[in-house]
Amino acid sequence: MKLKKWLIAGCLALITSFAQALTLEERAQLEAWQEKTTHLLMDGLNDNLSKKPVLPSSNSLLGQMLNQAMEKGYQTAMGKLAAHANHLAVKLALTYYQSGKFDKALPLLEKVYRSRLALLGEKHPETVESLSGLGSTYLQLGQLDEALPLLEKAYRSRLGLFGEKHPKTFESLNNLSVIYQQLGRFSEALTLQEKAYRLVQEGFGQKPLYTLISLNQLAFLYQEIGRLDEALPLYEKSYRLAKEVLGEKHHQTIVILNNLAFLHRKLGHLDEALSLFEKVYRLAHEAFGDKHITITALNHLAETHRELKHLEKARYLFIQAYQLARKAFGEKHLKTITYLNNLGTLYIALGRTDEALPLIEKSYRLFGDVLGETNPSTLTVLNNLAGLYVEHGQTQKGIEHFEQLVAGIESLRRSDLSAENRQAWFQQWVVGYFVFASLYIKESRPLDAFRLAEMSKARTLLESLATKLAAQQSGLTATEQQQLRDSEARLAFLNNNIAKALENKRLEEKIYLETEKNQRVSRFNEFHRQLMAKYPKYAQLSEVQIVGAQEGAKYLPAEAVFISYLVAKDKVNKNQVLAFILQPDGTLTTHNLGKIPHLKKDLESYQRQLSLLGRGRPIKRSPKFHKDIETLSRELGKQLLGPLSALIKDKSHWIISPDGLLALLPFETLRIE
C-alpha cells in the first residue's frame, strides 16, 4: 500500500508542478484530474470498462503531464515490485492505446503478459486479460498473423473461465470476428458475429451497449459481403443507440457514424455521405486530434470528393491522410497501405498514370506481405495494377495480373458462405471480369474471353442441379438423400421468410432467420464434404465445371446455336453488352453490341407488361409503361438479336446464356426483322 501511495503522490506532484503554466480553465481541469488520476491508479480498471476515465489528448499540456507522471511512476515501480509494475504498466499502455500510440503500448503489454504468465500461470484471469490486450494491439497495428493465435486463445480461455454469456467473452468474440473479416474469412466472421448478436438478444448483459456493438459489426460484415441495403438499417439503429447510450462525441459513436457514412457512399448517396464524413472528421478531430478515427475520416472524405469529381481537393486530403497514417501507424499498417493505394487511384483519375504506377505497385507488394496474395484487399489492388499495366501499354503484363486476380477470386468464391452471400460478395468483381473479357477480345483471344464471360455468371442454379444429380446417381443411402432434401427444403423456407421479414422491415426477425440459415448452410457444407470424401462419384458430379467453347460445342445439336451475353454493370461501361455465338462445329464469334440506353427500365417494363398479359389483364398506358409491349419487343429484338441475325436466323434452336438484367427476359417473345 505504501508503494501505491508513493506512486499516486509522485504522479500528482509531477502534474501539480506544472500548474503555474496552465490557464485558469486548465487549472480547473487539473483539479478534476487530480481526483481522476487517484482513481485511475487505485481502482481495478480491467474489471469495469465504464469506470475508466477518458484520458486527455497527449497533444495537450495536461495530457503530456499525465503521460510523464505515469512513465516516471512506472519506471520507478519496476525496481520495487513486479506485480505493482504490471498494474501500472497496463494503465500506461491504456493511455498509449487510447491516444493511438499502439507501437508504444505493444512492448509494455508484451512485458506484462510474460510477467503474469510466469507469476500467475496461463489460466489466471489477469494473464488472459493481458493476452487479449496484446492480441488487440497487434490487430490495431495490422499485424494479423501475430494477432490471430492470441485472440483465438483469449476467446477459448475466457469461454472456459467465464462462459459465453459474459462481457469478457463477448469482447473476445467480437475481436475474433473482426480479425476473421480482415483476413477475408467471411463465413467464420459471420458465424461468430451472429452468435454474438443472438447472445445479446437472449438477454446477456441487459445493456444497449452490447446491442450497438454487435449491430455495428454485423452491419459491417453485411457491407463487406456486398449486402449494402441490408446493412443500412443495422447501422442506423446502432448509431441511434450509440448516441443515446454513449453520447455523440464518444469514440464508438464516431466509429459507427463513420461506418454509416461509408455505406451511404457505397450506395451512391454522395451528398449524404459527404455531409456525414465532414461531421465525423469534425467530431473526431475535436476529441482525438490527428489520431485513429480522424485519419480514417480524412481518407473517407477524400474518397467521397474523388467520386464527386473534386479531384484536386481529394488529392490534397489523400496526401494528408497517407502522411498522417505513415507517421501514426508505420508504413506496413493496413490503413497506411490502403491510403497509399487510394492516392494511386486518384492519380489514375487525374490521368497522371506515371505517378500512379509506383504507388499501386508498392501498395500491392505491401498488402501481399501483410495479408497474403489471395486476401480480398490484396486482390483489389491487384485489379488496379492489372488495369494500370494495360493502360501503360504493358498488355501482356496486365493480362498476367488479371489471370492471377481471377484465380484468387475463384478460390474465395468457393467459401462456405450461403449462395446468396457468395453471389453478393462476387458482385464487386464482376466489373473486372467484363474489362478482362473485353481485353481478351481486343487481343484476338475469343476462346479466353468466352470462358471468362461464363465464369462471371451466377452459378446458384447450376450448383443446386449438380448436387441433386449427384445425390441421385452416386449410391447415397436413403437416409443421406433424405437429409439433403430436408436441408434444401428448410433453406427454401428460411429464404422465403427472410424475404418477407425484409419486405415488412422486421429487422430483429430477419437477423434471427439469417442466423439460423447460416448455421444450416454451415452444417450442410460439412455434410456435403463428408459425402464427397465418402463417395468419389458424388464429388465428381457435384462439382460445377465451366467448360470452354471447344468442349462445349461437342454438346450442341446440329440445328442449334449457343448465344452468351455479358452485360457491363459499372458506371463507365454501364449497359454495354458483349455477345458470343458458338456454332456446333466449334466456330466462335464475338460481338460488341454497344451501350443499350435505358436497358433496365425497358426490361422491367417489358416483363411487367408480359406478366399482365399472361394473366389476361388489360395493359393501360401510364407513366410506368413509357412504351407499349410491341414497341419494346421490336426495340429489344433489334438491340439484342438484330446484330446477330445473320448467324442465328437459320437455326431452329437458340440456347441462350443470359447475364444480369437479361436473366428473366423471354427471348422467344422478341421480334427480329
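Quick note: the sequence shown, position 23, residue 735 per the working numbering, numbers continuous.
Glycine is no exception: its CB is placed at the ideal position from the N, C-alpha and C atoms.
| Asked | Found |
| --- | --- |
| Endpoints, the alpha helix (DSSP H) within which Ser1276 is located | Run containing Ser1276: none in the alpha helix (DSSP H); it sits in the beta strand (DSSP E), Ala1272 to Val1279. |
| Endpoints, beta strand (DSSP E) assigned at Ile1367 | His1365 to Ser1369 |
| Residues that Phe1292 bridges to, as DSSP identifies them | Ser1276 and Thr1302 |
| Bounding residues of the alpha helix (DSSP H) (the contiguous stretch that carries Tyr1076) | Thr1065 to Leu1083 |
| Cβ neighbour criterion (16 or more within 10 Å) applied to Leu1376 | exposed |
| Other residues of its chain near Thr735: CB distance less than 7 Å, five sequence neighbours each side excluded | Reliability of the predicted coordinates at Thr735 is poor, the pLDDT of 46 falling under 50, and no value is obtained from them. |
| Given 8 Å, three or more beta-carbon pairs between the stretch 1087-1103 and the stretch 868-878 | no |
| Contact under 8 Å by Cβ, Ala901 with Gln893 | yes |
| Top-ranked residue by Cα proximity to Asn1285, from Ala1170, Lys1313, Ala1178 and Gly1144 | Gly1144 |
| Buried versus exposed, by CB contacts within 10 Å (16 or more), His1310 | exposed |
| Lys880, DSSP secondary structure in three states | helix |
| Opening and closing residue of the alpha helix (DSSP H) in which Tyr1059 lies | Leu1046 to Ala1061 |
| CA nearest to the CA of Leu1124, picked from Leu1219, Thr1092 and Phe1148 | Thr1092 |
| Close beta carbons around Gly847, own chain, < 6 Å, minus the five adjacent residues each side | Ala859, Leu862, Leu863 and Ala866 |
| Neighbourhood of Phe874 by C-beta distance below 8 Å, restricted to the same chain and skipping five residues each side | Lys880 and Thr881 |
| Sheet register partners of Lys1307 (DSSP bridge) | Gln1288 |
| Own chain partners of Leu818 with C-beta closer than 6 Å, once the 5 adjacent residues on each side are dropped | Thr849 |
| DSSP three-state assignment for Thr1086, whether helix, strand or coil | coil |
| Whole-angstrom distance between Gln1135 and Thr1179, CA atom to CA atom | 18 Å |
| Which of helix, strand or coil DSSP assigns to Leu1374 | helix |
| Nearest-angstrom Cβ-Cβ length linking Ser889 and Leu904, presumed shorter than 8 Å | 4 Å |
| 6 Å Cβ shell around Leu988 - same chain, five flanking residues per side excluded | Ala973 |
| Close beta carbons around Ile1007, own chain, < 6 Å, minus the five adjacent residues each side | Ala1033, Leu1036 and Ala1037 |
| N- and C-terminal bounds of the alpha helix (DSSP H) containing His963 | His963 to Lys978 |
| Where Leu1151 falls, given that 16 or more other Cβ within 10 Å makes a residue buried | buried |
| Distance between His1113 and Asn1011 (C-alpha atoms, nearest Å) | 27 Å |
| Close Cβ partners of Ile1060 (< 6 Å) along its chain, the five nearest in sequence each way excluded | Ala1068 |
| Ala740 in three-state terms, based on DSSP | Low per-residue confidence applies at Ala740: pLDDT is 45, beneath 50, and the placement is therefore not dependable enough to give any value. |
| Burial state of Leu1365, where buried means 16 or more other Cβ atoms lie within 10 Å | Leu is not the amino acid found at residue 1365; the sequence shown has His there. By the 10 Å Cβ count, His1365 comes out exposed. |
| Pairwise C-alpha distance: Glu1385 and Gly1354 | 7 Å |
| Proximity to Val802 [Cα-Cα], best of Leu821, Phe814, Lys813 and Tyr922 | Leu821 |
| Endpoints, the alpha helix (DSSP H) within which Tyr850 is located | Pro837 to Gln852 |
| Helix, strand or coil at Glu1263 according to DSSP, with G and I counted as helix | helix |
| Proximity of Phe1000 and Ala1014 at Cβ, strictly below 8 Å | no |
| Assigned exposure category for Asp1371 - 16 Cβ within 10 Å defines buried | buried |
| Between the CA atoms of Val824 and Met790 - distance to the nearest angstrom | With a pLDDT of only 43 at Met790, under the threshold of 50, the placement of this residue in the model should not be trusted, and no figure is reported. |
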